[in-house]
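A.B. asks: Here the protein sequences line up with chains A and B, keeping their order. Residues in the first sequence are numbered consecutively from 1, following our numbering. Residues in the second sequence are numbered consecutively from 201, following our numbering. Dumping the structure here so I can ask a few things about it.
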Amino acid sequence: MSQIFAQGLVCPLDKNNVDTDQIIPKQFLTSVSRDGFAEAMFYDWRYLADGAPNPEFVINKPEYQGASILLTRDNFGCGSSREHAPWAIQQYGFNVIIAHSFADIFFNNSVNNGMLLICLSKTNIELLFNRCAQGPQQWQIDLQSQEILFGNNAAMGFNIDGDIKQRLLSGLDFIGSSEQLNPQIADYEQSRKASQPWLG
Amino acid sequence: MGQSSSAKTLYQKIYASHVVGKLNPSTDLLYVDRHLIHEVTSPQAFSGLKLAKRSVRRPDLTFATMDHNVSTQRRSLDAAGETSRKQLEALAANCAENNIPLLDLTHPDQGIVHVIGPEQGLTQPGMIIVCGDSHTSTHGAFGALAFGIGTSEVEHVLATQTLPQQQAKTLKIEINGELSAHVTPKDVILAVIGQLGTAGGNGFVAEFCGSAIRGMSMEGRMTLCNMSIEMGAKAGLIAPDETTFAYIQGKAHAPKADHWQAAVAYWQSLYSDADAVFDKTVVLNASSITPQITWGTNPEQVIAIDQSVPAPSSFADATKRDAASRALDYMGLVPGQKLTDCNVDVVFIGSCTNSRIEDLRAAASVVKGKKVAAGVRALVVPGSGVVKRQAESEGLAAVFKDAGFEWREPGCSMCLGMNDDRVEAGQRCASTSNRNFEGRQGRGARTHLVSPAMAAAAAIAGKFVNVAAVNDKGDWA
Chain A
1 MSQIFAQGLV CPLDKNNVDT DQIIPKQFLT SVSRDGFAEA MFYDWRYLAD
51 GAPNPEFVIN KPEYQGASIL LTRDNFGCGS SREHAPWAIQ QYGFNVIIAH
101 SFADIFFNNS VNNGMLLICL SKTNIELLFN RCAQGPQQWQ IDLQSQEILF
151 GNNAAMGFNI DGDIKQRLLS GLDFIGSSEQ LNPQIADYEQ SRKASQPWLG
Chain B
201 MGQSSSAKTL YQKIYASHVV GKLNPSTDLL YVDRHLIHEV TSPQAFSGLK
251 LAKRSVRRPD LTFATMDHNV STQRRSLDAA GETSRKQLEA LAANCAENNI
301 PLLDLTHPDQ GIVHVIGPEQ GLTQPGMIIV CGDSHTSTHG AFGALAFGIG
351 TSEVEHVLAT QTLPQQQAKT LKIEINGELS AHVTPKDVIL AVIGQLGTAG
401 GNGFVAEFCG SAIRGMSMEG RMTLCNMSIE MGAKAGLIAP DETTFAYIQG
451 KAHAPKADHW QAAVAYWQSL YSDADAVFDK TVVLNASSIT PQITWGTNPE
501 QVIAIDQSVP APSSFADATK RDAASRALDY MGLVPGQKLT DCNVDVVFIG
551 SCTNSRIEDL RAAASVVKGK KVAAGVRALV VPGSGVVKRQ AESEGLAAVF
601 KDAGFEWREP GCSMCLGMND DRVEAGQRCA STSNRNFEGR QGRGARTHLV
651 SPAMAAAAAI AGKFVNVAAV NDKGDWA
């Protein structure tokens, strides 16, 4: 069974330890809205000091306009817990990020926004960067079969936590799923009050 | 996980005691004992709640402060700009509407969320504590499982007082022996991060143990746990002991007299069993740690102050080589250079890492009777109103002011440049904060992470010095 989660152009961001301050600098965090962060993504790398786009930065290159799959390396999203980071990336148009590893909080924040984050071995990440070096790539991501489809029957498998896969496929409401356990939450609160009354 | 089914680590004990139910085969719903909120990561969560017609389940377990966006130069909501004012007002309105206690700018105890939590007695052993801020790991110093969450999770906790979680792996960091003079918990955690790397803790909860940890004050333990996130660990933990209990007793939200004995009895059960098995163990000798300083643009790019800046070619890993080369370029450094030859432009003593009374005492002891070097801008930003008053009553504020430091109101200040304090492009800053990322303190700012004593010494000398290498005259070689 196949279910295409996403398809589109791949943008290779050949960096390690891309931190949340790079993904979205602090001056954009004073917003009270959940929207409007696309322009702020990778701000310090994407724009020159005078505000003009930096032609050297990969995101700005003509061949990667409209990309929806981001390829990067180790420990992507390290640093702060700001959910503005995945918001900016998603609002720019990326719904899939492929990397060797992600920082934990960034990973959870992205999944909570319905994004698919794929972790691959360093060897496979290298293979994907090699593909990108040959020219712009259009890939499909089959979440059901857990495969990246390159076309011409070429594919690469990936692992994903079963619970996360289920959440992404079902699109269930994050809070709503937990609220189904409301009776257990109430029970827990009662026993907590009895055994540790100082907690309130 | 463990060899015997009954042996558990501290993390596993706290996790198990908070399971409300199972959501999926590997996902548990955990109860949250304390939810701390601040202005930056909460407004969208409150809007989401309202949109879905949900209410805050436990406002009595929720606690708010203003810290990231506030000006530490003057106490008005608009002092750090119009958008900051709107965000601060949104927090005040959301707290008022939902009956959530808020330490706003008019409150004498207002301060950085990870300073005030412990100070108010909100942070207690065995709790699960969350906050929309990665440095929530700080509270692990009390033997609480504390970690940073995103805004969707803030909304989830507001609505249900729970959070879906999966069990993390366990990492034991054992530090034995005694720290040398002028070597602080900040140097210890920088050395640990240097060894493990910024991603070395990904997927793990780290427990610090060993004789060096037992000898540390709560302030020192908080500095250690605060920066656990800088190696990617989900949380840092230290088993509570008499030092912990003594710190908590009498605090505003600490268990009252009628529950105190029961609470302490429970807290005393919070330790990793002797035969518990950790997924990974690291052992360090405290006496081998010397004052540390970062040279690059992430906290693993760190050396002892008497070492030279490394050459990219010295890294075996190609990606680390590349990162080192980029970092040197950004930092304006060359391989082989001594940081003790580098002048500093700005000195920042503050942040949730190093703005507590003990940090200020350490810095003041270095500064006392001396003057900030010409051309250096130096500021001390106490972590809270409580710290500020204490420092003033001990005469520390006078020491700083007499030396030429700016003495500020509490807040996050120059740690992240979200307010009216920023390091300018190309300026070199000795900072007691936690992140030396590109642009963190301002676009083009060059951050070197150090301990409060090292930062204070840099302010006096006008350049980085080895604070441990003090001569008879009280100066540095």
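Ideal Cβ placement from N, Cα and C applies to all residues, glycine included. The structure presented is a predicted model; accordingly, all values stated were derived computationally and were not measured.
Under three-state DSSP, which class holds B:Ser-284?
C.D. replies: Numbered from 1 along the second sequence, position 84 holds the residue referred to as residue 284 of chain B. Note: B:Ser-284 maps to helix in three-state DSSP.
A.B. asks: If you follow the beta strand (DSSP E) that B:Tyr-231 is part of, which residue opens it and which one closes it?
C.D. replies: As a working note, residue 231 of chain B is residue 31 in the second sequence. From DSSP, the beta strand (DSSP E) with B:Tyr-231 extends over 227 to 231.
A.B. asks: Rounded to whole angstroms, what's the CA-CA distance from A:Ile-141 to A:Leu-120? Just pull it up for me.
C.D. replies: Sequence index remark: in the first sequence, residue 141 of chain A carries index 141 (1-based). Sequence index remark: in the first sequence, residue 120 of chain A carries index 120 (1-based). Each residue's Cα considered, the two are about 14 Å apart.
A.B. asks: What is the rounded straight-line gap between the Cα of B:Ala-668 and the Cα of B:Asn-543?
C.D. replies: Residue 668 of chain B sits at position 468 when you count from the first residue of the second sequence. Residue 543 of chain B sits at position 343 when you count from the first residue of the second sequence. Using only the alpha carbons, I get a separation of about 18 Å.
A.B. asks: At a Cβ threshold of 9 Å, is A:Tyr-92 touching chain B?
C.D. replies: On the first sequence, position 92 is the one that residue 92 of chain A refers to. For A:Tyr-92, the nearest beta carbon of chain B is not closer than 9 Å to its own beta carbon.
A.B. asks: Give me the DSSP bridge partner(s) of A:Ile-185.
C.D. replies: As a working note, residue 185 of chain A is residue 185 in the first sequence. Per DSSP, none; premise fails for A:Ile-185.
A.B. asks: Does any C-beta atom of chain A lie closer than 9 Å to the C-beta of B:Gly-317?
C.D. replies: By one-based count along the second sequence, residue 317 of chain B stands at place 117. Not closer than 9 Å to any Cβ of chain A, the Cβ of B:Gly-317 fails to qualify, so no.
A.B. asks: Looking at the strands, I want to know which residues DSSP matches up with B:Asn-224.
C.D. replies: Here the question's residue 224 of chain B lines up with position 24 in the second sequence. Looking at the DSSP assignment, B:Asn-224 forms a beta bridge with B:Thr-227.
A.B. asks: So that I know if they touch, is there some Cβ in chain B lying closer than 9 Å to that of A:Phe-42?
C.D. replies: Reading the first sequence from its first residue, position 42 is the one you call residue 42 of chain A. Closer than 9 Å: no.
A.B. asks: Please go through the stretch 386 to 440 of chain B and give each complete alpha helix (DSSP H) segment of 4 or more residues, from N-terminal end onward.
C.D. replies: Listed in chain order, they are 411 to 414, 418 to 426.
A.B. asks: Taking beta-carbon pairs under 7 Å, can you tell me which members of the stretch 170 to 186 of chain A lie near chain B?
C.D. replies: Phe-174, Ile-175, Ser-177, Ser-178, Glu-179, Leu-181, Gln-184, Ile-185
A.B. asks: Which class does A:Arg-131 belong to by DSSP, given the choice of helix, strand or coil?
C.D. replies: Here residue 131 of chain A corresponds to residue number 131 of the first sequence, with the count starting at 1. Correct three-state label for A:Arg-131: helix.
A.B. asks: If you check the beta carbons only, do B:Gln-212 and B:Ala-446 fall under 9 Å apart?
C.D. replies: Here the question's residue 212 of chain B lines up with position 12 in the second sequence. Here the question's residue 446 of chain B lines up with position 246 in the second sequence. Going by C-beta atoms, B:Gln-212 is not nearer than 9 Å to B:Ala-446.
A.B. asks: Closer than 9 Å, Cβ to any Cβ of chain B: which residues of the stretch 134 to 152 of chain A, in chain order?
C.D. replies: Within the stretch 134 to 152 of chain A, no residue qualifies.
A.B. asks: Alpha helix (DSSP H) containing B:Glu-592: first to last residue?
C.D. replies: For this step, residue 592 of chain B is matched to residue 392 along the second sequence. Start and end: 585 to 593.
A.B. asks: Here's a check: name, in chain order, each residue in its chain whose Cβ is nearer than 6 Å to the Cβ of B:Ala-716, leaving out the five neighbours to either side.
C.D. replies: Because chain B in this structure spans residues 201 to 677, residue 716 of chain B falls outside the shown range and cannot be described.
A.B. asks: Once the 5 residues before and after B:Leu-596 are set aside, which same chain residues still bring their CB inside 6 Å of it?
C.D. replies: For this step, residue 596 of chain B is matched to residue 396 along the second sequence. Same-chain partners within the cutoff: Leu-560, Ala-564.
A.B. asks: Output the boundary residues of the beta strand (DSSP E) element that contains B:Val-483.
C.D. replies: Stepping through the second sequence from its first residue, residue 483 of chain B is reached at position 283. Counting along the chain, the beta strand (DSSP E) containing B:Val-483 begins and ends at 480 to 485.
A.B. asks: Using a C-beta to C-beta distance shorter than 7 Å, which residues of chain A count as neighbours of B:Thr-360?
C.D. replies: Working through the second sequence from its first residue, we reach residue 360 of chain B at position 160. In chain order: Ile-175, Ser-178, Glu-179, Ile-185.
A.B. asks: Return the first residue and the last residue of the alpha helix (DSSP H) that A:Phe-102 is part of.
C.D. replies: As a working note, residue 102 of chain A is residue 102 in the first sequence. Looking at the DSSP string, A:Phe-102 is not in any alpha helix (DSSP H), and its letter there is neither H nor E.
A.B. asks: Can you tell me whether B:Leu-223 is buried or exposed? The criterion is at least 16 other CB atoms within 10 Å of its CB, across all chains shown.
C.D. replies: For the purposes of this step, residue 223 of chain B is taken as the residue at position 23 of the second sequence. Label assigned to B:Leu-223: buried.
A.B. asks: Which residues bound the beta strand (DSSP E) around B:Thr-494?
C.D. replies: Within the second sequence, the letter at position 294 stands for residue 494 of chain B. B:Thr-494 -> beta strand (DSSP E) spans 492 to 494.
A.B. asks: Shorter than 9 Å from the beta carbon of A:Pro-86 to some beta carbon of chain B?
C.D. replies: Here residue 86 of chain A is taken as the residue at index 86 of the first sequence, counted from 1. Cβ-Cβ to chain B under 9 Å: yes for A:Pro-86.
A.B. asks: What would DSSP say about A:Ser-170, mapped onto helix, strand or coil?
C.D. replies: Along the first sequence, read from residue 1 onward, the residue named residue 170 of chain A stands at position 170. Note: A:Ser-170 maps to helix in three-state DSSP.
A.B. asks: Short of 6 Å in beta carbon distance, which residues of its chain neighbour A:Leu-117, apart from the five on each side in sequence? Order them along the chain.
C.D. replies: Within the first sequence, numbered from 1, the residue matching residue 117 of chain A stands at position 117. Once the five neighbours on either side are set aside, the close Cβ partners of A:Leu-117 are Ile-97, Phe-102, Phe-107, Ser-110.
A.B. asks: What do you get for B:Lys-673, buried or exposed, if any count of 16 or more other CB atoms within 10 angstroms of its CB means buried?
C.D. replies: Taking the second sequence and counting its residues from 1, the one referred to as residue 673 of chain B is at position 473. Around the beta carbon of B:Lys-673, fewer than 16 other beta carbons sit within 10 angstroms, so the residue counts as exposed.
A.B. asks: Going by beta carbon distance, what residues of the same chain come within less than 7 Å of B:Glu-289, once the five residues before and after it are set aside?
C.D. replies: Counting from 1 along the second sequence, the entry for residue 289 of chain B is found at position 89. Contacts found: Leu-277.
A.B. asks: Cβ closer than 8 Å: which chain A residues qualify as neighbours of B:Ser-513?
C.D. replies: The residue labelled residue 513 of chain B in the question sits at position 313 within the second sequence. Those within 8 Å of B:Ser-513 in chain A number zero; the least Cβ separation is about 17 Å.
A.B. asks: Quick test of your reading: B:Gln-310 and B:Leu-390, contact by CB under 8 Å. State the CB separation rounded to the nearest angstrom.
C.D. replies: The sequence position of residue 310 of chain B within the second sequence is 110, counting from 1. The sequence position of residue 390 of chain B within the second sequence is 190, counting from 1. The pair is not a contact, with the Cβ atoms about 29 Å apart (cut-off 8 Å).
A.B. asks: Under DSSP, the alpha helix (DSSP H) around B:Phe-445 begins and ends at which residues?
C.D. replies: Here residue 445 of chain B is taken as the residue at index 245 of the second sequence, counted from 1. For B:Phe-445, the enclosing alpha helix (DSSP H) covers residues 442 to 448.
A.B. asks: Note down, in chain order, each residue of its chain lying with its Cβ closer than 6 Å to the Cβ of B:Gly-496, except the 5 sequence neighbours on either side.
C.D. replies: One-based indexing of the second sequence puts residue 496 of chain B at position 296. If we look at B:Gly-496 and ignore the five residues flanking it on each side, its Cβ neighbours are Ala-527.
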